[in-house]
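**Student:**
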Amino acid sequence: MAADLNAYLLVGAVLFVCGVVCMATKRNGIGVLMGVELVLNGANVNFVAFSRYTDLGLDGQVFSLFVIVLAAAEAAVALAIALNFYNNHLTIDVDRANKLKG
Amino acid sequence: MSGEAFLFTVFAAMTCFSAIAVVVSQTVVRMAFWLVISLGSTAALFFLANADFVGAAQLLIYVGGTLVLLVFGVMLTASGPYMKIGTSTGETVVAGLIGLLFLFVVFASVSGVNWRQPVTASADNVATGAVGNTLRPLGLSFLGARPESGVLPGEDAAGTGYLLPFEIVSVHLLVVLVGASYLARAKRRAVPVNQVV
Amino acid sequence: MVGETLRNLLMIAWLLPLVGFAVEIFGGFWGSRKSRTAAWLAVGCIASGFLCSASALVIWGNANHWSVLNKQSHHSAGEHGEHDAHGEQGKGGHAAEPAPKAEHGSVSAQGPYVLTAAVEEHAAESHPAGPTVYSGTLYYLARIGSLDISLDYYIDSLTLVMFTMVTFIATCIHLFAMGYMSEELTEEYVDHNAHLSNGHHVHRPGRFYRFFAFLSLFCFSMLGLVLAGNIFQVFIFWELVGICSFLLIGFYTERKSASNAANKAFIMNRVGDFGFLIGLMVVWTFFGTFRFGETVDEKGTVVQAGLFQLIQRDETGNVVRDAESGEVIIGAHDAALTPGNSRKTIPYALLVVAGLGVFAGCVGKSAQFPLQTWLPDAMEGPTPVSALVHSATMVAAGVYLVGRFYPMFVQEVLLTIAYVGCITLFMAATIAVVATDIKKVLAYSTISQLGYMMLGLGVFGWGAGLFHLVTHAFFKSLMFLCSGSVIYGCHHEQEMPKMGGLWRKMPITAFTMLIGVIAISGLAIPGLVSWSTIFAFSGFFSKDAVVATSLAFVKANPSHFLLFLMPLLTAGITAFYMFRLWFYTFAGQPRDHHVYDHCHESPLIMTIPLMVLSVLAAFCAIGGEQGKLYLMLTGDQPAHVAHGVAAAAGGITLPGHDAIHAVHNQAGTLALIAAVSGTLIAWVLYGTNMVNVAEMKRQLAGLHGFLANKWHFDELYDGLFMQPAHIVGKFCSWIDRTVFDGIIHGSAKVVLFVSKWDRLFDENLVDGFVNLLGTSTFAVGRSLRVVQTGRLRQYVMFIVVGVVALFAILFTTFPG
Amino acid sequence: MMFAAQSIAEFFSFLGGWQYVVAAVIHAVLLVHVFALSPFAFIWLERKVSGRIQDRLGPTRVGGLFGWLQSLADGIKLVQKEDLCPQAADSMLFRSAPYVVCVASFAAFMVLPFSHGWVAVAADCGLFIILAILSLEVFGIIMAGYSSGSKWSLFGGMREAAQMVSYEIPLAICALVPIVAAGSLNLGEIGGMQRGWFGYWFLFHDPFTFVAFFVYFVVATASCKRAPFDLAEAESELVGGFHTEYSGMRWSYFFMGEYASMFAVCGIASILFLGGWNTGIGPIDDALYAARNAGADGTGSPALGYLANVLGVFVFVSKASFGVFVQVWLRWTLPRLRIDQVMTTCLKYLVPISCFLFLGAILWPLALVTTLGRTTWTSGPLGELVAEEVRENQVTRSLSAADVGGVAVRAAEGVVEKELVR
């Protein structure tokens, strides 16, 4: 497998899809968060790959840095929400967070 | 197959395998473990792609910070050792099928696109950050200067540099930290009723 | 400076009761119903007011060098020529003389208020050629178009005398009331005259403080009325006085009779006030100002002439009329003398209407025929109220206003006033003869005496009418207080037939009452040397002045002989019923032993005002028309009466001072004879047992019934106004119920019918459409609801499926 | 030729695309062998030092000079022991956790220069990478604690996680203080700048770096969970903390990792503050420097340059080992803190102090410029050396990189000028 743009993109795609499936299948709220991290990471791989292999240049890396920072922020807030949810419901099962269902 | 390609193959395989392991794992801590492997391998991929600062940031922030945070969350929200919240088989199968379909769609579209000509590493594009050490140009770009574009600070900062986004992200991070610590404060606890795992 | 000082003093005297009222009402005295603090406060306010008024009077006198009082006879023949000389000045408009202008400049530089007349100049000549008036504006309330609504002041000798009189009497009455109302000093007052529907007496907290608050408010209103500098302000305080009267008459508001009496007084006053308003409208329309005195701006320039300056009189006392149109000229003959006032005219008839209108108000307030019936009923109020409001002050306000507005009255109006007074005095006296309630007798006597005053004013005796006003105020308030003392001593027994022989039990009251009776009856011991040395109480002098004036008037106009005969006759009747009252009450043997046994002399706080007032009632008018009081009062009399007119005016020949003087002895003698005979008859009938009064009453049953029923005036009014009103009301009610209600019911039915159809349309068509929308939306939402599972993971799945589907569409649509 | 190469990868350049792979393998093997042995030395050192501190002899029975064979005997014993895995444990995680710790500790040496140019990866952001890698160690410990299925382990793991995550913050900030002075994250460059007399070490660069060194050392001790901050193990309360359930080699991996990271943080300290491989004696350093350069560009003997580097390695290892010795010394001197005291120390005192130091280090040059007119208080060669180092790097790099530096310098000058005008 050659280390070219498409190879990176495919890795990113796998990460992305894994993240999405993770989000779709994990009932544990933290698991869903991990899926989100995977998805973001897949996007990061793409950014870095474009930065490396096209004339996008530095901007891709800058973007991926921002993504990392925002992912950290997102993780902090989401975790706080998850903790709150756990405090109120004594479970972390996202399927039980359906009070607003139709 | 060059050495770089070999390393890429190894790390890419590790990345993908761990990512799939994350999906397949049943307990959260195992998921976290695999996620660490996956993200670490991704960091290695970043190093391979000459984005050493991004890779280091990935390691420091993602693996060292975010994931530790997640594991904290796991432990704080675990109602028992090795807690598993299972998913029904049908759901898993459906999700897997849809995931495969999605993967196919993404593969198809990625390979279907004719990307612009890949830039090969050369002495000329080291400074652009495409190849080589990117720490200095990255730092300068965060300060609003884009030397590789020949723009000095104050000349056309708005269009090229990342000073403003950098500041915004900094403030954003601060706000998020305050907000998250406020949200996560120990508050009243619900009466344990009908605890269902 | 004098004007300023007077103004300030009178303002203090005027506003102090208002302050007292505010403190008494809002000062929290209801928290301590047993405290006399409120009363002392009220007494303090009004007594300070009296001190201010008295000092104002002294200052006024000083400013006029007292010379006005020292003049022995200003209507003597020798000085007549001089009068004429000054009359020339007077008719030119006393306020518009060039000489005082300089005075204006210097005085008015100190403030907006001005001396409107040349004070020092005239005073130095030792007799006035016109009123010495201090007037100005206190406060602008509003300005509507060219109409200034302002609080003005108008200070002349009449104002000052009235102020002093009112504040003094009010002080006495306040003190008296402190004793009289002491029963109210309790948390649980039982009103024996008020019954609840279950037959029990009314129990209520005492209202001591409230009584004094009302009294204070009344004093404020009365003083404001006297001080008023424009006719509209008079009207305002006129109504305020009415309100206070309403509150005070209805003080025992739980009593049906009291509240009825209060209503009656109020409503009958409204009848008169309606006329008053008409008069005001005429005045405003044609004169453009309400002020008595002229309006002066800050530079001392006369901006607008006052009412009294606008009306001009010639030597005969007649108003000046335009030669061609016959309309009355408003403003100066020489327009240059009154800047800001162009020459205007008013039809003579309208001037009469204005005068009659204002007089109508006076009729209501002073209880003159035909609006006299409220006053006897007003005796339902506490006796101090009767003494203050219904003898000395409020009812006198009508007379005061006639006196104050005198320059505006033309001959026809004055004649009407004379006749109204004449009828009133006779009628009321006759009713008083048969009244048995001690306060009712006094009430009718008051009406009668007020009639005397009106008569005096009407026959051109400006000084005589107002003189009687002042003397009457003293002795009538004295008598009312005495009756209050009797009532208090007899435990609220007011019927004279149940009394008798009370002088043994309450000598002070009996003695002071006797002084008052003698005073009102006009008894006198004829002097040995001349009239000026006659020994008589105040009533003799003032009544003599009125009777003399009317005699002179009748001599000049024989066709109006009733104007002399009636008061003469009534003088006798007055003496009769007053002594009847005294004998009935104090002399003879006790008739009701229950009353007699429990009766006692009043405490000192009530008897001291009696004694003080009795001294004044006896001696205030000493000297008669050469006395200090009379001279003080007439010091600033209107220009056209000041020097005694002897001329024909409006078809009536007016007597001059000389003519009046000439008949003085004659009239006095006749009046004295009448009084003495009345007294003797009373003594014979009631002082001795020579005549069986009951038998006499039976024999004269018709007359007695007529009189006892007050000449059937209540029935007359009932038949004249009440019944027609009822009939009209019934008719209106019938029309209302049949015609209007029918129309309304019919339209309601129509509306109901229409609305039924409208409802059908609404419910089926409109609602159906709206409901259809609602239900369809609801159904759609319901069916879409299942999509909203609330499951996070499913949503993610949906997103993925959506993306895949999108890409599938893209790939199939754009292959390659 | 071999000695002329600046790095192993350069040496294997004839292998074409595979040179990095080969270089990586060689590096890894070297590192593992060197640092698999170094813990033995440190364990022996610890035993002897503790023995001396406790007024006893320490290991003497096994043999060797001062009983140095003791560590070897321990090693043999550990290898022989049964590899236990408790039934309640999550076996996969339980088994892999020690490797994570080990790998995280040893990977740090990848960017740690031992002498001039003697570094596996001469990354521009070397310090950043080394801090990032060191932060991974906590993950293995958490996993170990969690997967053991024992509450002692769980508590230990949680404590360790909290402690390490907290101490990472002051650690990084304190490390940034000399970075501000140096203007580079490249550890090789930072080490090279301190050549000359020891007054040029960053320790003495300004008062803030001086204080920062001690703070850094305290924090580094804590982040290596050494006593008095060893709450994660805390034998008296948690039996053994996160490694309660471990035995045999897996247990020893944790300790290898611990000693490795001790050495790593001390190595960082020596590079950042203590002049790295420079001896601190001006003439010697200059001579060594000249020899290295001459060996590298072919003007002098490559062997001499190589020797100079070996000397540098010796100096560096000595400095780092002294740091380790001090940590051992501390362990047997100070009593253990409570866990809340540990956290309080970090969050309430060390973080603010380090922030203050960082701020001071930033303002220091500005203050000097406004008062003295230059950026260092010693008018000596440090500033010149920095400039020279920068120039040197520019030469070795491409032309455009020189442009980058020039632009950056010009931009910085512009900013400073503006500040001065203000």
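Chains as they are written, first to last, in the working numbering: chain A, 3 to 104; chain B, -7 to 189; chain C, 347 to 1162; chain D, 48 to 469.
Note that the Cβ used here is the ideal one computed from N, Cα and C, for glycine as well.
With a threshold of 8 Å between beta carbons, is threonine 27/A in contact with chain C?
**Tutor:** Translated into positions along the first sequence, residue 27/A becomes position 25. True, the Cβ-Cβ gap to chain C drops below 8 Å.
**Student:** Would you mind giving the Cβ-Cβ distance between glycine 625/C and glycine 703/C, rounded to the nearest angstrom? I have them listed as a contact below 8 Å.
**Tutor:** Position 279 of the third sequence, counting from 1, holds the residue named residue 625/C. Position 357 of the third sequence, counting from 1, holds the residue named residue 703/C. Confirmed, about 3 Å.
**Student:** Name, going along the chain, the residues of the stretch 157 to 189 of chain D whose beta-carbon falls closer than 7 Å to a beta-carbon of chain B.
**Tutor:** If the cut-off is 7 Å between Cβ atoms, the stretch 157 to 189 of chain D has Ala170, Asp171, Cys172, Phe175, Ile176, Leu178, Ala179, Ile180, Ser182, Leu183, Val185, Phe186 and Ile189 near chain B.
**Student:** Please list, in chain order, the residues of the stretch 85 to 102 of chain A that have any C-beta partner in chain C closer than 8 Å.
**Tutor:** The stretch 85 to 102 of chain A vs chain C, Cβ under 8 Å: Val96, Asp97, Ala99, Asn100, Lys101 and Leu102.
**Student:** CA-CA distance, threonine 1159/C and valine 23/A?
**Tutor:** In the third sequence, the residue the question calls residue 1159/C occupies position 813. In the first sequence, the residue the question calls residue 23/A occupies position 21. Rounded to whole angstroms, threonine 1159/C to valine 23/A spans 27 Å at the Cα level.
**Student:** Taking Cβ positions only, does arginine 1105/C come closer than 8 Å to chain A?
**Tutor:** What you label residue 1105/C is simply residue 759 of the third sequence in a count that begins at 1. Closer than 8 Å: no.
**Student:** Measuring alpha carbon to alpha carbon, tell me which residue in Leu403/C, Phe557/C and Ile919/C is nearest alanine 774/C.
**Tutor:** Within the third sequence, residue 774/C is the residue found at index 428, counting from 1. Cα-wise, what sits closest to alanine 774/C is Ile919/C.
**Student:** Applying the criterion that 16 or more other CB atoms from any shown protein chain within 10 Å of the CB defines a buried residue, is histidine 1072/C buried or exposed?
**Tutor:** Numbered from its first residue, the third sequence carries residue 1072/C at position 726. Its Cβ having fewer than 16 others within 10 Å, histidine 1072/C is exposed.
**Student:** Tell me the residue span of the beta strand (DSSP E) that contains valine 487/D.
**Tutor:** Residue 487/D falls outside the range modelled here, since chain D spans only 48 to 469, and no answer is possible.
**Student:** Roughly how many angstroms lie between the CA atoms of glycine 494/D and valine 38/A, to the nearest whole one?
**Tutor:** As displayed, chain D neither begins before 48 nor continues past 469, which places residue 494/D out of reach and without an answer.
**Student:** Does the beta carbon of alanine 341/D come closer than 8 Å to any beta carbon on chain B?
**Tutor:** Residue mapping note: residue 341/D aligns to position 294 of the fourth sequence, counting from 1. Cβ-Cβ to chain B under 8 Å: no for alanine 341/D.
**Student:** Would the stretch 739 to 749 of chain C count as touching the stretch 797 to 807 of chain C if we require 3 or more Cβ pairs under 8 Å?
**Tutor:** Result yes; three or more Cβ-Cβ pairs closer than 8 Å.
**Student:** For alanine 402/C, which option in Phe1067/C, Gly934/C, Ser605/C and Leu355/C has the closest C-alpha, if you only look at C-alpha atoms?
**Tutor:** Numbered from its first residue, the third sequence carries residue 402/C at position 56. If we check each option's Cα against that of alanine 402/C, Leu355/C comes out closest.
**Student:** What residues in the stretch 70 to 96 of chain B bring their beta carbon closer than 9 Å to a beta carbon of chain C?
**Tutor:** The residues in question are Thr79, Glu83, Val86, Ala87, Ile90, Gly91, Leu93, Phe94 and Phe96.
**Student:** Can you find a C-beta in chain C that's less than 8 Å from the C-beta of serine 10/B?
**Tutor:** Position 18 of the second sequence, counted from the start, is the residue given in the question as residue 10/B. No, serine 10/B does not count as interfacial toward chain C.
**Student:** In this structure, does DSSP put serine 294/D in helix, strand or coil?
**Tutor:** For the purposes of this step, residue 294/D is taken as residue 247 along the fourth sequence, with counting starting at 1. Serine 294/D: coil per DSSP, three-state reduction.
**Student:** Does chain C have any CB closer than 8 Å to the CB of valine 22/A?
**Tutor:** Residue numbering aside, residue 22/A sits at position 20 when the first sequence is read from its first letter. For valine 22/A, the answer is yes, since a Cβ of chain C falls inside 8 Å of its Cβ.
**Student:** Pick from Cys221/D, Asn356/D and Ala334/D: whose alpha carbon is nearest that of alanine 267/D?
**Tutor:** Translated into the one-based positions of the fourth sequence, residue 267/D becomes position 220. Comparing Cα-Cα distances from alanine 267/D to each of Cys221/D, Asn356/D and Ala334/D, the minimum goes to Cys221/D.
**Student:** Please name the residue in Leu42/A, Arg54/A, Ile83/A and Asn100/A whose C-alpha comes closest to that of isoleucine 32/A.
**Tutor:** Looking up residue 32/A in the first sequence gives position 30. Comparing Cα positions, the closest option is Ile83/A.
**Student:** Nearest-angstrom Cα distance between alanine 441/C and serine 496/C?
**Tutor:** One-based indexing of the third sequence puts residue 441/C at position 95. One-based indexing of the third sequence puts residue 496/C at position 150. Note on alanine 441/C: pLDDT 36, under 50, position unreliable in the model; no value is reported.
**Student:** Can you give the Cα-Cα distance for alanine 902/C and serine 896/C, rounded to whole angstroms?
**Tutor:** As a first step, residue 902/C must be located in the third sequence, where it is residue number 556. As a first step, residue 896/C must be located in the third sequence, where it is residue number 550. Alanine 902/C and serine 896/C: Cα-Cα distance of roughly 10 Å.
**Student:** At what residues does the beta strand (DSSP E) containing histidine 547/C begin and finish?
**Tutor:** The residue labelled residue 547/C in the question sits at position 201 within the third sequence. Where histidine 547/C is concerned, the enclosing beta strand (DSSP E) stretches over 547 to 550.
**Student:** Taking only the alpha-carbon atoms, compute the straight-line gap between valine 224/D and tyrosine 54/B and give it to the nearest angstrom.
**Tutor:** On the fourth sequence, position 177 is the one that residue 224/D refers to. On the second sequence, position 62 is the one that residue 54/B refers to. Near 24 Å, if we compare the C-alpha coordinates of tyrosine 54/B and valine 224/D.
**Student:** So, for leucine 569/C: in the same chain, excluding its five sequence neighbours on each side, which residues have a beta-carbon less than 6 Å away from its beta-carbon?
**Tutor:** For the purposes of this step, residue 569/C is taken as residue 223 along the third sequence, with counting starting at 1. Only Trp360 meet the Cβ criterion.
**Student:** Check this for me: beta carbons of leucine 2/A and valine 102/B, under 8 Å apart or not?
**Tutor:** Look at the range of chain A in this structure, 3 to 104, and you will see that residue 2/A is not part of it.
**Student:** Just list the residues that DSSP pairs lysine 690/C with in beta bridges.
**Tutor:** Reading the third sequence from its first residue, position 344 is the one you call residue 690/C. Answer by DSSP bridge pairing, in chain order: Ile676/C.
**Student:** Closer than 7 Å by beta-carbon distance: list the chain A residues that pair up with threonine 1121/C, in chain order.
**Tutor:** In the third sequence, residue 1121/C corresponds to position 775, counting from 1. Here the premise fails: no neighbours, minimum Cβ distance about 18 Å.
**Student:** Since glutamate 207/D contacts phenylalanine 289/D with CB under 8 Å, what's their CB separation in whole angstroms?
**Tutor:** For the purposes of this step, residue 207/D is identified with residue 160 of the fourth sequence, where counting begins at 1. For the purposes of this step, residue 289/D is identified with residue 242 of the fourth sequence, where counting begins at 1. So it is a contact: roughly 6 Å between Cβ atoms.
**Student:** Quick one: what does DSSP say lysine 822/C is sitting in, helix, strand or coil?
**Tutor:** Position 476 of the third sequence, counting from 1, holds the residue named residue 822/C. In this structure, lysine 822/C counts as helix in the three-state DSSP scheme.
**Student:** Checking contacts by CB at 8 Å: is alanine 100/B closer than that to chain A?
**Tutor:** As a first step, residue 100/B must be located in the second sequence, where it is residue number 108. So no, alanine 100/B is outside the interface.
**Student:** Strictly below 7 Å CB to CB, what residues from chain A border phenylalanine 38/B?
**Tutor:** The sequence position of residue 38/B within the second sequence is 46, counting from 1. Those within 7 Å of phenylalanine 38/B in chain A are Val50.
**Student:** Where does the unbroken alpha helix (DSSP H) through valine 185/D begin, and where does it stop?
**Tutor:** In the fourth sequence, counting from the first residue as 1, residue 185/D sits at position 138. Segment 173 to 194, the alpha helix (DSSP H) holding valine 185/D.
**Student:** Would a check of beta-carbon distances place asparagine 42/B closer than 8 Å to chain A?
**Tutor:** On the second sequence, position 50 is the one that residue 42/B refers to. Yes, because at least one Cβ of chain A sits closer than 8 Å to the Cβ of asparagine 42/B.
**Student:** By a C-beta neighbour count over all protein chains shown, 10 Å radius and 16 as the cutoff for buried, is histidine 252/D buried or exposed?
**Tutor:** For this step, residue 252/D is matched to residue 205 along the fourth sequence. Classification for histidine 252/D: buried.
**Student:** Unbroken alpha helix (DSSP H) runs of length 4 or more, entirely within the stretch 1094 to 1141 of chain C: which are they?
**Tutor:** Here the runs fully enclosed are 1113 to 1131.
**Student:** Below 6 Å CB to CB, which residues in the same chain sit around leucine 58/A once its five sequence neighbours on both sides are set aside?
**Tutor:** Counting from 1 along the first sequence, the entry for residue 58/A is found at position 56. So the qualifying residues of the chain are Phe52.
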